[in-house]
Amino acid sequence: MKPSRILVIALLTVAALYFLLPVYWLVVASTKSSAGLFGSFGLWFSDPQWLHNLSQVFSYNDSVFWNWTWNSFLYAGVGGALATLFACAAGYALAVYRFRGREAVFKVVLAGVLLPSTALALPLYLLFSKVGLANTYWAVLIPSMVSPFGVFLCRIYAEAAVPMEMLEAARVDGAGELRIFNTLVLRTMTPALVTVFLFQFVGIWNNYFLPLVMLSDDRKYPLTLGLTTWQSQAERYPELYQLTVGGAFLSILPLAAAMLVLQRYWRSGLTQGSVKG
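Taking our numbering, the leading residue of the sequence shown gets 997, the next gets one more, and so forth.
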């Protein structure tokens, strides 16, 4: 075996361990008791009581974990779906229709990709406070419906994958623009839509700063903010360390399931979208 190949394999192995070791530790730690969490070797099982730990997570504080889980699905699911739909419509319009200022609009979208979301959190909070939306579900949902990266990806994908001949044939047959979009474009752009949805879903699910700024009612918290609340209280209530670890393990399962189910669409969407990059 060539030395260069050995080096590549070694680097890939180190990278894989770097990403997989925290997940492995989380799986192991979620099976331990509170005493075993700090009193045993971190990378191996000790006195496993996984089912008991999960029941504690689900029942603690009037089952608030279920509220946080529902909120995370609401924010990530609804926000991701609407952001994907809006991104598809905007990207398709920028790719297909010729109108004055089209490139200027696209440059604004690119600027939005480069702008960190944390820079917008405080202005958004002040705006939502003025209109009475602070500390509501809408305060997290509305910003989640916007995805500049999704618009960018959908435009690139539409230029590469949506044939103009198909659109012209549909117009000749009497189909309106809305019908063309609903019946032809959405179906053609399915891989791109799944890709945008996955990125947006994962981003919203893992979002911590926006809910932290917008929400004060712990019943509206997503999992990221709720688990951080448990962790911050763990010095006074040591049993919360184990609940935080168990909750963190449960919180990654929906993301893993989504990636496994939708990965073939995600891969083809990125590949097709790179044709005209």
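Just so you know, even glycine gets a beta-carbon here, dropped at the ideal spot from N, CA and C.
Residue from the options with nearest C-alpha to residue i
i            : options                : result
residue 1162 : 1243, 1176, 1014, 1142 : 1176
residue 1187 : 1204, 1156, 1251, 1052 : 1156
residue 1041 : 1047, 1231, 1032       : 1032
residue 1184 : 1197, 1204, 1160, 1233 : 1160
residue 1081 : 1030, 1095, 1125, 1181 : 1181
residue 1196 : 1244, 1168, 1254       : 1254
residue 1256 : 1010, 1091, 1190       : 1190
residue 1244 : 1068, 1170, 1211       : 1068
residue 1063 : 1222, 1227, 1251       : 1222
Per-residue DSSP class, three states only, for residue i
i            : result
residue 1231 : coil
residue 1029 : coil
residue 1219 : helix
residue 1260 : helix
residue 998  : coil
residue 1131 : coil
residue 1058 : helix
residue 1052 : helix
residue 1018 : helix
residue 1171 : coil
residue 1111 : coil
residue 1039 : coil
residue 1204 : coil
residue 1281 : Any property of residue 1281 remains undetermined from this structure, which presents the chain solely from 997 to 1273.
residue 1045 : coil
Contact check, residue i vs residue j, beta carbons under 8 angstroms
i            : j            : result
residue 1109 : residue 1145 : yes
residue 1206 : residue 1139 : yes
residue 1070 : residue 1121 : no
residue 1087 : residue 1158 : no
residue 1214 : residue 1225 : yes
residue 1193 : residue 1089 : no
residue 1049 : residue 1229 : no
residue 1030 : residue 1235 : yes
residue 1208 : residue 1247 : no
residue 1083 : residue 1143 : yes
Alpha-carbon spacing of residue i relative to residue j, whole angstroms
i            : j            : result
residue 1014 : residue 1179 : 44 angstroms
residue 1026 : residue 1043 : 11 angstroms
residue 1073 : residue 999  : 47 angstroms
residue 1217 : residue 1201 : 11 angstroms
residue 1012 : residue 1021 : 14 angstroms
residue 1038 : residue 1019 : 12 angstroms
residue 1118 : residue 1210 : 9 angstroms
residue 1271 : residue 1115 : Because residue 1271 sits at a pLDDT of 46, beneath the cut-off of 50, its placement in the model cannot be relied upon, and the point is left open.
residue 1135 : residue 1203 : 13 angstroms
Buried/exposed call for residue i, threshold 16 Cβ in 10 Å
i            : result
residue 1055 : exposed
residue 1093 : exposed
residue 1259 : exposed
residue 1057 : exposed
residue 1170 : exposed
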